[in-house]
Structures are given as C-alpha cells and as structure tokens.
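Worksheet for the structure shown next.
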Amino acid sequence: MAKSPKISASHEPGGLIVHISGLLPSLSPAEQRVARLVVADPADAARRTITDLATSAETSEATVIRFCRSVGMDGYPQLRIRLAAEAARRVEPPDARVVGGDIPPGADLAQIIATIAFNDARAVEETAEQLDPAVCEQVVEAIGAAGRIDVYGAGASGFVASDFQQKLHRIGRTAFYFPDVHTALTSAALLGRGDVAVGISHTGTTSDVIEVLEQARARGATTVALTNFPRSPITEVADHVLTTAARETTYRSGATASRLAQLTVVDCLFVGVAARSRARTKKALEATAEAVRSRRVGPGRRRA
Numbered sequence: 001m002a003k004s005p006k007i008s009a010s011h012e013p014g015g016l017i018v019h020i021s022g023l024l025p026s027l028s029p030a031e032q033r034v035a036r037l038v039v040a041d042p043a044d045a046a047r048r049t050i051t052d053l054a055t056s057a058e059t060s061e062a063t064v065i066r067f068c069r070s071v072g073m074d075g076y077p078q079l080r081i082r083l084a085a086e087a088a089r090r091v092e093p094p095d096a097r098v099v100g101g102d103i104p105p106g107a108d109l110a111q112i113i114a115t116i117a118f119n120d121a122r123a124v125e126e127t128a129e130q131l132d133p134a135v136c137e138q139v140v141e142a143i144g145a146a147g148r149i150d151v152y153g154a155g156a157s158g159f160v161a162s163d164f165q166q167k168l169h170r171i172g173r174t175a176f177y178f179p180d181v182h183t184a185l186t187s188a189a190l191l192g193r194g195d196v197a198v199g200i201s202h203t204g205t206t207s208d209v210i211e212v213l214e215q216a217r218a219r220g221a222t223t224v225a226l227t228n229f230p231r232s233p234i235t236e237v238a239d240h241v242l243t244t245a246a247r248e249t250t251y252r253s254g255a256t257a258s259r260l261a262q263l264t265v266v267d268c269l270f271v272g273v274a275a276r277s278r279a280r281t282k283k284a285l286e287a288t289a290e291a292v293r294s295r296r297v298g299p300g301r302r303r304a
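For the sequence shown, the tail end lands on 304 under the UniProt record's numbering, and the numbers increase by one without skipping.
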C-alpha cells in the first residue's frame with residue numbers, strides 16, 4: 001500500500017505544532033494532555049523543565065518522554081529545542097486575543113471576525129506548507145488517467161466532495177459524488193482498476209466514508225484519503241494520503257477552518273489535473289461557460 005512518506009523527526013513539513021496536532025487523536029489520554037499544552041503555547045512549553053510540564057499536564061515524566069517519542073523526538077531536550085525554534089518562527093496577530101481560535105463568552109463581533117479570519121488564514125497557510133508535493137503528484141496523475149472518479153464525503157466534508165466533483169466534471173472528467181451512503185456504496189462496487197475513489201473526512205473516522213473507500217479499494221480502484229489526522233482509520237484503506245492542518249475555533253461543529261483547508265487541497269489537485277491537459281481543459285471550460293452564459297443577468301437588465 002502506497003502511503004505518504006514517513007515524516008522524520010528532524011523535519012515536519014509545516015512545522016512541529018502542525019505535526020503534533022495531526023497526531024493528537026492517536027495519542028494516549030495522558031499524552032494528549034501534554035500535547036495540548038505544547039500546542040497551546042510552544043514558547044511556554046519550551047521554557048519548562050520536564051517536571052514542570054508533567055505536573056501541568058497532570059501526568060508523569062515518563063509519559064512526557066513517551067509523548068516525545070510518539071511525535072518523533074529522541075527525548076525531551078530535543079523537543080524543547082524544536083519548540084523554541086517553532087515559537088520563534090510563528091507570526092501572531094496584532095490582537096493576541098484571537099490566538100488559538102477560542103471565542104470567549106461576551107466576545108464582540110469585531111473579535112469574532114478577527115479570530116475567524118486569522119485562524120482560517122492560518123489553516124490554509126499551514127495546510128499548504130505541510131502538503132506533500134510528491135503525493136499530490138501521484139494523486140493528480142491517477143485522476144488524470146482515471147476512467148472514472150468517485151468522490152465521497154459526509155456533512156461539511158460532503159460539500160467539499162461535491163465541489164471537487166463539479167470542478168472535475170466541468171473540465172470533462174467523468175466524476176461522481178453521492179451524498180447518500182447506499183448510493184455511494186453501490187457506485188463504489190462498480191469501480192475497478194484505472195478508476196479513482198477520493199474519500200474526504202476531517203477526523204478520518206467517519207464510518208460512511210471509510211466503508212465506501214474500502215469497497216472501492218476492494219474492487220481495485222486507486223483510493224485517496226483527505227484528512228486532518230495522518231494516523232486516523234481512513235488512512236488504512238487509502239493508497240494515497242493527503243492531510244490538512246486545521247485547528248477549529250470554539251464552534252467546531254460549524255466546520256469552518258477544516259472546510260477551507262480541504263478546499264485548498266482540492267483546488268491544488270484540480271488545477272494540477274487541469275494543467276496536465278491545457279488544450280482539453282481550455283476547450284471544456286469555454287464550452288461549459290458558454291452553456292450557462294444565457295442564464296446570467298446583463299448589466300443593462302433591470303428587475304421589474
């Protein structure tokens with residue numbers, strides 16, 4: 001199974017904090033408490049002794065060491081050095097109240113706007129920084145040569161899946177999106193070698209998307225997973241794994257930053273596929289634009 005390259009301890013594309021955030025669900029509960037302290041304030045964590053950090057996380061020094069190894073560090077000294085470097089390179093907003101994405105009770109709309117804008121922009125930037133060009137190239141090549149592409153997603157990820165399907169369809173690619181899991185499963189059962197199935201799930205734990213991707217893979221299709229967490233269950237049924245780097249605000253159920261991060265990856269794939277056959281793409285875009293031209297209201301038209 002072709003997976004994305006293992007991230008070394010010396011370099012995580014997009015930075016150590018993005019790397020730790022992506023691994024957080026796969027850590028033990030005690031290690032997660034350490035991770036949250038580190039992610040919340042890298043500079044503060046870098047100044048702490050191992051005893052201080054363990055006490056703040058309500059765990060043991062041994063757990064902190066296990067956490068270090070879980071995220072690819074040799075030990076705590078290396079983690080402190082890396083955190084100090086990470087803190088030095090991070091650019092924070094002028095208003096420190098927007099850092100971290102938490103929207104406290106009583107926040108005015110100006111603070112809400114600043115918080116959302118900053119965290120959405122950071123999600124897009126960090127996603128682009130950690131996105132593996134080699135894996136993207138493999139996915140673009142597979143989609144470009146595919147006889148058929150199925151795209152799957154549920155909830156907010158379903159909107160992203162639908163967007164990707166429409167983009168591919170507009171440049172003449174045979175692509176489908178099925179919001180109903182039963183229809184998606186029956187479609188996946190008809191895929192075969194040379195076809196591509198793309199599953200989109202922020203958490204990587206959405207059973208509907210995992211099951212459909214698993215069905216497609218069993219039929220011989222090339223499978224692609226787009227998720228925020230590189231060790232999540234969906235990656236186990238994917239030939240290629242692409243990751244986002246989104247940290248949600250207080251109202252996680254709104255799926256704001258994660259959706260924009262996913263759209264960033266989808267746009268990169270779409271443009272990659274389109275650029276591989278410029279003449280075909282140009283012709284398809286012109287034809288589809290012409291088809292809907294009469295549906296647009298001209299500047300001289302006034303409503304009654």
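Ideal placement from N, C-alpha and C gives every residue a C-beta, glycine not left out.
For residue 230, count neighbouring Cβ atoms within 10 angstroms of its own Cβ and tell me buried if that reaches 16, exposed if not. buried
Can you check the stretch 186-240 for any alpha helix (DSSP H) of at least 4 residues that lies completely inside it and give the ranges in chain order? 207-218
Using 8 Å as the cut-off, can you tell me whether the stretch 264-273 makes contact with the stretch 131-151, which would need three or more C-beta pairs spanning the two stretches below that distance? yes
I'd like the span of the beta strand (DSSP E) that includes residue 75, first residue to last. Run containing residue 75: none; DSSP gives neither H nor E here.
Does the separation of the CB atoms of residue 172 and residue 280 fall below 8 Å? yes
My understanding is that residue 43 touches residue 87, with C-beta atoms under 8 Å, so please give their C-beta distance in whole angstroms. 4 Å
Own chain residues within Cβ distance below 6 Å of residue 261, not counting five before or after: 123, 127, 244, 246
Going by the DSSP bridge assignment, what does residue 176 pair with across the sheet? 150
In the DSSP output, what is residue 243 paired with across the bridge? 227
Identify the continuous alpha helix (DSSP H) that holds residue 296 and give its terminal residues. Looking at the DSSP string, residue 296 is not in any alpha helix (DSSP H), and its letter there is neither H nor E.
With a 10 Å radius around its C-beta and 16 neighbouring C-beta atoms as the bar for buried, classify residue 120 as buried or exposed. buried
Would you check if the distance between the CB atom of residue 70 and the CB atom of residue 37 is smaller than 8 Å? no
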